[in-house]
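Protein chains in written order, with the working numbering: chain F, 42 to 151; chain W, 290 to 399.
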Amino acid sequence: RKEVEQDPGPFNVPEGATVAFNCTYSNSASQSFFWYRQDCRKEPKLLMSVYSSGNEDGRFTAQLNRASQYISLLIRDSKLSDSATYLCVVNDNYGQNFVFGPGTRLSVLP
Amino acid sequence: DAGITQSPRHKVTETGTPVTLRCHQTENHRYMYWYRQDPGHGLRLIHYSYGVKDTDKGEVSDGYSVSRSKTEDFLLTLESATSSQTSVYFCAISENYEQYFGPGTRLTVT
């Protein structure tokens, strides 16, 4: 079983739709969680850190479920510019072991 | 955007030749990382550094070496390039578990 798993997609959604991504991780000692977005042929960019209480940044909401070992990202009112690959990242805080999921590709269609 | 540059941005080299990739930061972050990204594998850690002259291996370190003689520079060396090392290489920096990535180096080994 891979350490971090994501549905690869692609998710094709119309503008204005709400879309949710899930990510599961296998290491129960994991302490830090992040969502990154990566545009085609570009570097990953930090979208948001994920806190135990859940957090929101504009149209984006991230949640963490430690008991079930999954992280979610919700995007409301999708924009064309949201089209990208979304990477789930987990760190165990005992070193610098960042484990990346394979990413979920999102295409927002006009 | 975080001040991270990578050089070269593109390189084509022949099997068996040595190659050095450079990562330079202006943020004075303690941690620096080298990843490779390949289709179907996502981002995988090659080596990382937690200070000047302090480095450690990552998941896919075979065939690679690194050096960090100054806080701002982290070098990745392929002693004898192989075709399996054709990839996109990303450098990242971090201070508080949030990573920031450089623009990447696209390396082709023929």
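We put the beta carbon where it would ideally sit given N, CA and C, even for glycine.
Please read these numbers as outputs of a predicted model, since none were measured by experiment.
Within chain F, the residues that residue i reaches when beta carbons sit closer than 9 Å
i, result
"F379/W", "E84 and P85"
CB contact flag (residue i, residue j, <8 Å)
i, j, result
"G340/W", "R311/W", "no"
"Q388/W", "F139/F", "yes"
"V149/F", "L114/F", "no"
"D343/W", "H336/W", "no"
"D48/F", "T126/F", "no"
"L105/F", "S93/F", "yes"
"Q137/F", "Y322/W", "yes"
"Y324/W", "F379/W", "yes"
"L367/W", "P307/W", "yes"
"S376/W", "Q326/W", "yes"
"G331/W", "F141/F", "yes"
"C129/F", "V45/F", "yes"
Proximal residues of chain F, C-beta to C-beta of residue i below 8 Å
i, result
"F390/W", "E84, P85 and K86"
Contact test: residue i Cβ vs the ligand COA heavy atom, cutoff 7 Å
i, result
"Q326/W", "What this structure holds is no ligand at all, so the ligand COA is not there to describe."
Boundaries of the beta strand (DSSP E) in which residue i is found, first to last residue
i, result
"E97/F", "N96 to D98"
"H336/W", "G331 to G340"
"P55/F", "F52 to P55"
"C312/W", "V308 to Q314"
"T126/F", "A125 to N132"
"V140/F", "F139 to F141"
"V45/F", "V45 to Q47"
"A61/F", "V60 to Y66"
"L121/F", "From DSSP, L121/F is part of no beta strand (DSSP E); its letter is neither H nor E."
"T344/W", "D343 to K346"
"P85/F", "P85 to V91"
"C380/W", "S376 to S383"
"S373/W", "Neither: S373/W is in no beta strand (DSSP E) and is coded neither H nor E."
"Q104/F", "F101 to N106"
"S356/W", "Y353 to K359"
Within chain W, partners of residue i - CB distance below 9 Å
i, result
"S73/F", "Y386 and E387"
For residue j and residue i, believed in contact at Cβ under 8 Å, the rounded distance
i, j, result
"S372/W", "V398/W", "5 Å"
"Y111/F", "N63/F", "6 Å"
"E56/F", "F390/W", "With 8 Å as the limit, E56/F and F390/W do not qualify as a contact, their Cβ atoms being about 28 Å apart."
Chain-ordered chain F contacts of residue i [CB-CB under 7 Å]
i, result
"G393/W", "E84"
is_contact[residue i, chain C] using C-beta, thresh 8 Å
i, result
"L105/F", "Within the model displayed, chain C is absent; protein chains F and W are what it includes."
Could you list the residues in the stretch 131-147 of chain F with a C-beta less than 9 Å from some C-beta on chain W, going in chain order?
N132, N134, G136, Q137, N138, F139, V140, F141, G142, P143 and G144
Mind checking the stretch 110-130 of chain F against chain W and listing, in chain order, the residues whose C-beta falls within less than 9 Å of any C-beta there?
L128 and V130
Where the stretch 350-363 of chain W meets chain F: residues whose CB sits under 7 Å from a CB there
none
Using a beta-carbon distance cut-off of less than 7 Å, what residues from the stretch 87-111 of chain F approach chain W?
L87 and S90
Under 8 Å, CB to CB, which of the residues in the stretch 329-344 of chain W have a partner in chain F?
G329, H330, G331, L332, R333, L334, Y337 and Y339
Along the stretch 298-326 of chain W, what residues have a CB closer than 9 Å to any CB found in chain F?
Y320, Y322, Y324 and Q326
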